[in-house]
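Visitor: If you're matching positions, the sequence shown starts at 129 in our numbering and goes up one per residue.
Glycine is no exception: its CB is placed at the ideal position from the N, C-alpha and C atoms.
Quantities reported herein were computed from a predicted structural model and do not represent experimental measurements.
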Amino acid sequence: MSTSGATGPGAESAAAALRAARAAENAARESARSVPAWYPAAHGLLLAAAMSGFGLASVWPRWQGWILAAALLCAGAFLVVTWRVQRASGVAPWFARRERGTAWHAWVLPLIPFAAGLAGALLFGGAGAFTGFGVVAGAVSWMQAYHARAGAREAS
């Protein structure tokens, strides 16, 4: 009891809050399941094509304009696809709660594309940096989106 004489929330309000929390959790699961099957592949391939195109444009000066245009188109498509699917599902997988034993994944996986970009830069310069980063980031993105979608389907 507080000093003002008022009592805390009763069992009814606690039960109502618990029901609301369960309803929100179920709604989040339902929206995560609504991610289309094509999304992981499109997400990864568009990212890889955009970043690789930015890097490879300098390798072929004759085709540089076309390669940059295609890379910009892929980058724009990547952003549109990501925004549309995330907005429609209502869940951004990169902000999903992580289980206790997998916290290192949150730090290690994003570093892998940067390491590939650094290795590409050391071996082949700027073109290698963009290409290495793009291909590995696309693969990691595809893998993460696939596993997130599979996990959401298993939870149903």
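#1: Quick check: what's the CA-CA separation for residue 179 versus residue 216?
#2: Going straight from the alpha carbon of residue 240 to that of residue 264, what length do you get?
#3: Where residue 214 and residue 189 are concerned, what is the direct C-alpha to C-alpha distance, given to the nearest angstrom?
#4: Give the secondary structure of residue 186 by DSSP, where H, G and I count as helix, E and B as strand, and everything else as coil.
#5: Exposed or buried, what is residue 275 when buried is set at 16 or more other beta-carbons lying within 10 Å of its beta-carbon?
#6: Spatial neighbours of residue 185 within its chain, please: CB distance less than 6 Å, with the 5 preceding and 5 following residues excluded, ordered by chain position.
#7: Taking the beta carbon of residue 269 as the centre, do at least 16 other beta carbons fall within 10 Å, making it buried, or is it exposed?
#8: When you compare only the Cα positions, how much space is there between residue 163 and residue 246?
#9: How big is the Cα-Cα spacing for residue 236 and residue 244?
Guide: For this structure:
#1: By 1-based counting over the sequence shown, the position of residue 179 is 51. By 1-based counting over the sequence shown, the position of residue 216 is 88. Cα to Cα, the separation comes out at about 26 Å.
#2: Here residue 240 refers to the residue found at position 112 of the sequence shown. Here residue 264 refers to the residue found at position 136 of the sequence shown. Computed Cα separation, rounded: 7 Å.
#3: Taking the sequence shown and counting its residues from 1, one reaches residue 214 at position 86. Taking the sequence shown and counting its residues from 1, one reaches residue 189 at position 61. If I take the Cα positions, the gap works out to 37 Å.
#4: By one-based count along the sequence shown, residue 186 stands at place 58. Looking at residue 186 - three-state DSSP - the assignment turns out to be coil, as it is neither helix nor strand.
#5: Indexing the sequence shown from 1 puts residue 275 at position 147. Exposed.
#6: Position 57 of the sequence shown, counting from 1, holds the residue named residue 185. Correct list, in chain order: 192, 195, 196.
#7: In the sequence shown, counting from the first residue as 1, residue 269 sits at position 141. Buried: at least 16 other Cβ atoms inside 10 Å.
#8: Counting from one through the sequence shown, the residue named residue 163 turns up at place 35. Counting from one through the sequence shown, the residue named residue 246 turns up at place 118. In a straight line, the C-alpha of residue 163 is about 33 Å away from that of residue 246.
#9: Numbered from its first residue, the sequence shown carries residue 236 at position 108. Numbered from its first residue, the sequence shown carries residue 244 at position 116. Each residue's Cα considered, the two are about 13 Å apart.
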